Amino acid sequence: NAGVTQTPKFRVLKTGQSMTLLCAQDMNHEYMYWYRQDPGMGLRLIHYSVGEGTTAKGEVPDGYNVSRLKKQNFLLGLESAAPSQTSVYFCASSYPTRAGDQPQHFGDGTRLSIL
Amino acid sequence: RKEVEQDPGPFNVPEGATVAFNCTYSNSASQSFFWYRQDCRKEPKLLMSVYSSGNEDGRFTAQLNRASQYISLLIRDSKLSDSATYLCVVNHGSSNTGKLIFGQGTTLQVKP
Chain A
116 NAGVTQTPKF RVLKTGQSMT LLCAQDMNHE YMYWYRQDPG MGLRLIHYSV GEGTTAKGEV
176 PDGYNVSRLK KQNFLLGLES AAPSQTSVYF CASSYPTRAG DQPQHFGDGT RLSIL
Chain B
741 RKEVEQDPGP FNVPEGATVA FNCTYSNSAS QSFFWYRQDC RKEPKLLMSV YSSGNEDGRF
801 TAQLNRASQY ISLLIRDSKL SDSATYLCVV NHGSSNTGKL IFGQGTTLQV KP
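Sequence lines, in order, name chains A and B. According to the numbering used here, the first sequence holds residues 116 to 230 in order. According to the numbering used here, the second sequence holds residues 741 to 852 in order.
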């Protein structure tokens with residue numbers, strides 16, 4: 116049982132390059148999320164999606180774009196990478212909820228370095 | 741003020757010790773609460789949900805005080821394998837988007 120799968124696991128980019136991080140889940144979850152985690156900052160929400168074809172901004176969306184063309188996939192794009200985007204990126208998914216009572220399930224992360 | 745605040749630690753304890761972590765949250769509309777565990781360079785994993793009446797899972801006990809907006813996690817008979825960072829997590833108020841707010845985490849080191 117794969118759960119939430121992120122690719123790639125590691126990547127080094129030069130400033131100004133673009134790339135896409137892929138998140139795939141096989142749990143038929145409706146909701147998906149992208150976070151970044153930096154030392155001393157905890158997990159911060161970048162963008163999220165409550166269903167196929169929908170996306171919304173989180174706490175730190177600038178410099179990122181997302182797409183949810185298929186229910187099982189949630190893509191995070193960096194159009195022009197900057198050193199400030201060096202971080203560990205986590206994708207998560209959950210069942211839909213009205214009361215926020217569903218836990219999120221995480222992928223094992225993508226370590227991204229921007230030089 | 742951060743929405744979810746935790747003492748970052750580290751807490752250094754000997755094997756077999758009992759250790760308690762505390763967490764406060766600022767949004768009184770939050771309804772759901774969790775503790776996650778994160779090992780070094782790994783993803784966060786759900787440890788347990790926290791219920792109003794308090795709940796226990798083996799050596800782990802979670803408590804919630806809604807009036808004080810305070811959550812706690814008690815670990816009894818600590819094991820070396822309990823060494824990790826423990827994240828206090830609350831839902832984003834009354835939102836139905838499933839958004840969660842994560843504390844920065846409390847680091848636990850259990851020593852032999």
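Heads up, the beta-carbon is just placed ideally off N, CA and C, and yes, glycines get one too. Predicted model only: the values in this text are computed from it and were never measured.
CB-CB length for residue i against residue j, believed under 8 Å
i: Arg159(A); j: Val181(A); result: Not quite, the Cβ-Cβ distance comes to about 15 Å (not below 8 Å), so this is no contact.
i: Gly838(B); j: Tyr146(A); result: 4 Å
i: Thr169(A); j: Asn836(B); result: With 8 Å as the limit, Thr169(A) and Asn836(B) do not qualify as a contact, their Cβ atoms being about 13 Å apart.
i: Ser772(B); j: Asn831(B); result: 4 Å
i: Gln152(A); j: Ser228(A); result: About 14 Å separates the two Cβ atoms, so there is no contact after all.
i: Arg806(B); j: Ser792(B); result: 7 Å
Other residues of its chain near residue i: CB distance less than 7 Å, five sequence neighbours each side excluded
i: Gly178(A); result: Leu193, Ala197, Gln200
i: Phe842(B); result: Val744, Leu827, Val829
i: Ser823(B); result: Leu848, Gln849, Val850
i: Arg183(A); result: Met147, Ser164, Glu167, Gly168, Thr169, Thr170, Phe189
i: Thr790(B); result: Here residue 790(B) is Val; the residue named in the question, Thr, does not match the sequence. Phe773, Phe774, Trp775, Ala802, Leu804, Ile811.
i: Pro852(B); result: Glu755, Leu820
i: Gly224(A); result: Gln121, Val203, Tyr204, Phe205
Spatial neighbours of residue i in its chain, beta-carbon cut-off 6 Å, leaving aside the 5 residues before and after
i: Lys129(A); result: Leu230
i: Tyr163(A); result: Tyr148, Ala171, Gly173
i: Gln219(A); result: Ala207, Ser209
i: Thr122(A); result: Leu137
i: Tyr765(B); result: Val744, Gln809, Val830
i: Pro750(B); result: Thr847, Gln849
i: Ser195(A); result: Gly131
i: Lys186(A); result: Glu167
Selected residue, minimal CA-CA separation from residue i, among the options
i: Leu848(B); options: Asn836(B), Arg806(B), Ser821(B), Leu804(B); result: Ser821(B)
i: Asn795(B); options: Ile815(B), Lys785(B), Pro754(B); result: Ile815(B)
i: Glu167(A); options: Gln132(A), Asp153(A), Asn188(A); result: Asn188(A)
i: Leu786(B); options: Thr225(A), Tyr150(A), Met142(A), Gln217(A); result: Gln217(A)
i: Leu858(B); options: Trp775(B), Ser818(B), Gly756(B); result: Residue 858(B) lies beyond the residue range present for chain B, which begins at 741 and ends at 852; the question has no answer from this structure.
i: Asn143(A); options: Leu191(A), Gly131(A), Pro123(A), Ser208(A); result: Ser208(A)
i: Ala139(A); options: Tyr150(A), Gly157(A), Gly222(A); result: Gly222(A)
i: Arg799(B); options: Pro784(B), Cys780(B), Ala757(B), Asn752(B); result: Ala757(B)
i: Thr825(B); options: Ser770(B), Lys782(B), Lys742(B); result: Lys782(B)
Range of the contiguous beta strand (DSSP E) that encloses residue i
i: Asp797(B); result: 795-797
i: Leu158(A); result: 157-164
i: Gly192(A); result: 188-193
i: Met788(B); result: 784-790
i: Lys819(B); result: First-last for Lys819(B): undefined, no H or E at that position.
i: Lys851(B); result: 846-851
i: Pro754(B); result: 751-754
i: Met147(A); result: 146-153
i: Tyr179(A); result: 179-182
i: Asn762(B); result: 759-765
i: Val203(A); result: 202-209
i: Glu745(B); result: 744-746
i: Asn805(B); result: 800-805
i: Ala139(A); result: 134-140
i: Arg777(B); result: 773-778
i: Lys127(A); result: The question names Lys, but residue 127(A) in the sequence shown is Val. Residues 125-128.
i: Gln217(A); result: Premise fails: Gln217(A) is in no beta strand (DSSP E) and is neither H nor E.
i: Arg226(A); result: 225-229
Neighbourhood of residue i by C-beta distance below 8 Å, restricted to the same chain and skipping five residues each side
i: Ala760(B); result: Ser812, Leu813, Leu814, Ile815
i: Pro876(B); result: The shown model of chain B, from 741 to 852, leaves out residue 876(B), and the question about it has no answer.
Going along the chain, which residues of the segment 833-846 of chain B sit with their C-beta nearer than 7 Å to a C-beta in chain A?
Those would be Ser835, Asn836, Thr837, Gly838, Lys839, Leu840, Phe842, Gly843, Gln844, Gly845, in chain order.
Mind checking the segment 743-777 of chain B against chain A and listing, in chain order, the residues whose C-beta falls within less than 7 Å of any C-beta there?
Those would be Gln771, Ser772, Phe774, in chain order.
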